[in-house]
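Trainee:
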Amino acid sequence: MKILLLTHSFNSLTQRLYVEIQRLGHELSVEFDIHDSVTEEAVALFKPDLLIAPFLKRAIPESVWSKLPCLIVHPGPVGDRGPSSLDWAILRGEKQWGITLLQAVAEMDAGPVWATRTFSMRNAPKSSLYRNEVCEGAVDCVLEALEKFNDPTFTPTPIDGVGTWNDAMKQSVRAINWQEDDSQTVLRKINCGDGTPGVLDCINGEVVYLHNARLENEKTGHPGDIIATQNGAICRATKDGAIWVGHLRKKGKDTFKLPATHILDLKDGEGERDIFIHIEDQIAYLHFPFHNGAMNTDQCQRLLHQYQQACQKDVTTIVLMGGPDFFSNGIHLNAIEESERPAEESWANINAMNDLCEAIIQTTDKVTVAALSGNAGAGGVFFALSCDRVYSRTGVILNPHYKNMGNLFGSEYWTYLLPKRVGTGNEAKVMQHRLPIGAPEAKALGLLDDYFGKTVEDFQRQLKEIVPALPHTQIITDKKIQRDLDESEKPLHTYREEELKHMKLNFFGFDPSYHVARYKFVLREAKSHTPLYLAKHRQRVNNS
């Protein structure tokens, strides 16, 4: 079957669906929803049997849905309608929510239903619920619909009446009253706007959007006051406690999220907020839930320090846990873009990443494990490959290449680590491949040792059964022998030097591709066309 994915962007859900549908053997192509005429042209070129829309910000034109079955993923239960479905659910404190796969008709979100799923709501940001519960439910719905598509007895179910319409949530609804709102209310308001559009607020005379919040269980103060700072976050008092706000975005054009203390020009207090270790049965679990998986120079250095501290403890194994939504996405492009000297900050950041990877590779007296509860991209993938074993949750997506960031060469010792995983001569299968890789495909390539667990909780529970059962003594013995052999053939520092020669040209050379790509990525510049590696229907035109 020929299936066209029509989407506003190639976001996490679209990538997951791409991988899942491709695995079934269907012919698949992608078109960004730029203009009605572009969508019409894509349909005319590809001639799909079915159009699936995972993520749209406007309606599909009648000229398309009237002639072709178009299925839309709506992040709400049957009968829910409107563009801010998940936002309203979080703000209202819904306990159960759903995903509906419905067919496009003239009225938005009012078409007949092909499939639906429900899930329990966590007290979590909208972006986290979307990447996990919504994504898993949407995948289940789409796979169910694909089975039904060729069933002549199947008829989609009409929605009774017209459902319940909820308008786009306005900032007046999200607005926080720091004198009257309790901590849970403040948290829900920030969560329902995270990561887009954020909650508009004014702090110390600076008009900003709030992002990345969590409760503070001990500190108190006068409501609205900043009572503490730590690792880029500010802690603001509420009437019954306090809330940490990790990131802010200034109001205005061409702005992007940055650590709150940076935006407000405040100094950070002592201690660690976003890195922590817990030890069970001589296994150290090192957590680092960095926002969106990005790792700036300071975060890399602090994580290296914590890793070195773990190495000094009486443990047999160190498990790198990352965060529940992301393991790592490599260097921090927002921090680099904000720097007065982006090339120099890029250099500092990649060297800090390399220092961290080197420390893991050189650890020969402990077993090291990378545990990917969430997605990983670019240098974050090779950071994981620094470990002896790499496991992931079943639904995790990897994007190990660097090419979409201005053809970066990449570092993090990938020229040493990748051939050991996929076999010498097979590196191009990973590094020249711009499409997302699902967990089963990553295991087949050699990037993963195994994958398991549909939810983060399932993954982490099974992980704690698998890691203690590893042959620790044998792994350490084999690692020492292999590391000595590898070092005698080609010293580890040589791989780093060779990679950084290329990276130096990317950062400081005459070709500005990396800097242009980074700017567009950070500012979320709207796409003017769909890249040919996604729009396979346009490859034929381009090559003709």
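Each step along the sequence shown adds one to the number in our numbering, with nothing skipped, and position 216 is 217.
All C-beta atoms, glycine included, are put in the ideal place defined by N, C-alpha and C.
1) Would you say the segment 92-102 touches the segment 185-198, given that touching needs at least three Cβ pairs under 8 angstroms?
2) Closest by CA to T134, which one among I100, K268 and I160?
3) Could you say which of E28, A238 and D315 lies nearest to N218 if we only look at CA atoms?
4) Could I get the ranges of all uninterrupted alpha helix (DSSP H) runs contained in the segment 343-391, with 4 residues as the minimum, in chain order?
5) Threshold first: 3 residues or longer. Then list the beta strand (DSSP E) segments lying entirely within the segment 256-317, N to C.
6) Counting pairs of beta carbons, one from the segment 192-209 and one from the segment 166-175, are three or more of them closer than 8 angstroms?
7) Using 8 angstroms as the cut-off, can you tell me whether the segment 214-234 makes contact with the segment 141-158, which would need three or more C-beta pairs spanning the two stretches below that distance?
8) Do you know how far the Cα of L5 is from the Cα of C71?
9) With DSSP as the reference, please indicate the residues paired to L464 in a beta bridge.
10) Beta-carbon within less than 6 angstroms of A336's beta-carbon, same chain only, minus the 5 sequence neighbours each way: which residues are those?
11) Given S387, which residues of its chain have a CB within under 6 angstroms of its CB, disregarding the five upstream and five downstream residues?
12) Counting beta carbon pairs with one atom in the segment 412-426 and one in the segment 493-500, are three or more of them shorter than 8 angstroms?
13) Taking the DSSP output, what are the residues bridged to S393?
14) For the segment 392-408 against the segment 509-529, do three or more pairs of beta-carbon atoms, one drawn from each stretch, fall closer than 8 angstroms, so that the two count as touching?
15) Measure the C-alpha to C-alpha separation of I351 and R342 and round it to an integer number of angstroms.
16) Quick check on the burial criterion: 16 or more other C-beta atoms within 10 angstroms. Buried or exposed for A371?
17) Taking the alpha helix (DSSP H) that R175 falls in, what are its first and last residues?
18) Given a threshold of 16 other Cβ atoms within 10 Å of its Cβ, counted over all protein chains shown, does S64 qualify as buried or as exposed?
19) Hey, out of E207, K254 and P325, whose CA is closest to L267's CA?
20) Enumerate, from N- to C-terminal direction, the unbroken beta strand (DSSP E) stretches of 3 or more residues contained entirely within the segment 453-517.
21) When you compare the segment 477-484 with the segment 36-56, are there three or more beta-carbon pairs, one atom per stretch, that lie closer than 8 angstroms?
22) Hey, how far is the Cα of L321 from the Cα of H333?
23) The beta strand (DSSP E) with S30 in it runs from where to where?
24) Buried or exposed: R203, going by 16 or more other Cβ atoms within 10 Å of its Cβ?
25) Under 8 angstroms by Cβ, that's how I've got K127 and G194 pegged, so tell me the actual separation to the nearest angstrom.
26) Going by DSSP, what residues sit across from C71 in a beta bridge?
27) Nearest-angstrom Cα distance between T369 and L524?
28) Strictly by DSSP, which residues pair up with C203?
29) From L305 to C312, what distance separates their C-alpha atoms?
30) What are the uninterrupted segments assigned as alpha helix (DSSP H) that are 4 or more residues long and contained completely in the segment 104-154, given in chain order?
31) Are F1 and K430 close, meaning C-beta to C-beta below 9 angstroms?
32) Taking the straight line between their C-alpha atoms, what separation do you get for D241 and G247?
33) Among residues of its own chain, excluding the 5 on either side of L211, which ones have a beta-carbon nearer than 7 angstroms to its beta-carbon?
34) Could you check if P492 is buried or exposed, using at least 16 other CB atoms within 10 Å of its CB as the buried criterion?
35) Does H538 come out as helix, strand or coil in the three-state DSSP assignment?
36) Near G439, which residues of its chain fall below 6 angstroms by C-beta distance, leaving aside the five closest residues on each side in sequence?
Mentor: Here's the rundown:
1) yes
2) The sequence as given places Glu at residue 134; Thr does not occur at that position. Per the Cα distances, I100.
3) Per the Cα distances, A238.
4) 343-362 and 380-386
5) Within the segment 256-317, the complete beta strand (DSSP E) runs of at least 3 residues are 277-281 and 284-288.
6) yes
7) no
8) 9 angstroms
9) Looking at the DSSP assignment, L464 forms no beta bridge with any residue, so it has no partner.
10) Contacts found: N297.
11) C358, I361 and I362
12) With the rule of 3 Cβ pairs closer than 8 angstroms, the segment 493-500 counts as touching the segment 412-426.
13) L373 and Y452
14) yes
15) 14 angstroms
16) buried
17) Start and end: Q172 to R175.
18) exposed
19) E207
20) none
21) no
22) 19 angstroms
23) Going by DSSP, S30 is part of the beta strand (DSSP E) stretching over E28 to F33.
24) According to the sequence shown, residue 203 is Cys rather than Arg. Label assigned to C203: exposed.
25) 7 angstroms
26) DSSP links C71 through a beta bridge to L52.
27) Cα to Cα, T369 sits roughly 36 angstroms from L524.
28) V208
29) 10 angstroms
30) 127-130 and 136-150
31) The requested residue 1 does not occur in the structure, where the chain is confined to residues 2 to 545.
32) Straight-line Cα distance between these residues: approximately 20 angstroms.
33) I191, G199, V200, D202, V246 and L249
34) exposed
35) helix
36) Scanning its chain for C-beta atoms nearer than 6 angstroms, with the 5 sequence neighbours on each side dropped, one finds around G439 the residues V20, in chain order.
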